[in-house]
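Shown next, in structure tokens, is the structure this report addresses.
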Amino acid sequence: MSAVLNCFAASGDIRAAADCAAASKSLHLCMSKTPKKPVVPKSSINYLLTKIRK
Numbered sequence: 008m009s010a011v012l013n014c015f016a017a018s019g020d021i022r023a024a025a026d027c028a029a030a031s032k033s034l035h036l037c038m039s040k041t042p043k044k045p046v047v048p049k050s051s052i053n054y055l056l057t058k059i060r061k
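Structure, rendered in structure tokens:
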């Protein structure tokens with residue numbers, strides 16, 4: 008992320024896609040390889056019981 012921001016700052020233009028293509032591509036690859044945490048479904052009964060207690 009910092010490489011992309013540094014590239015944009017060095018070029019002086021946020022739309023300098025050609026100048027910052029390598030940094031943008033490496034950021035995209037890094038973000039796509041990051042594992043996503045599975046969403047654990049909440050029990051609706053437990054959710055409702057906690058709401059009643061409050």
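With the working numbering, the residue at position 24 of the sequence shown is 31, and numbering never jumps.
The beta carbon of each residue, even a glycine, is placed where N, CA and C say it ideally should be.
None of these values were measured; they are calculated from a predicted model.
- With a threshold of 16 other beta carbon atoms within 10 Å, CYS27 meets it and is buried.
- For the pair SER33 and VAL46, the Cα-to-Cα distance works out to about 27 Å.
- Rounded to whole angstroms, the Cβ separation of ALA10 and ALA30 is 4 Å, and the two are in contact under 8 Å.
- DSSP places CYS37 in the uninterrupted alpha helix (DSSP H) bounded by 28 to 40.
- Setting aside the 5 residues that flank it on each side, ALA16 has no residue in the same chain whose C-beta is closer than 8 Å to its C-beta.
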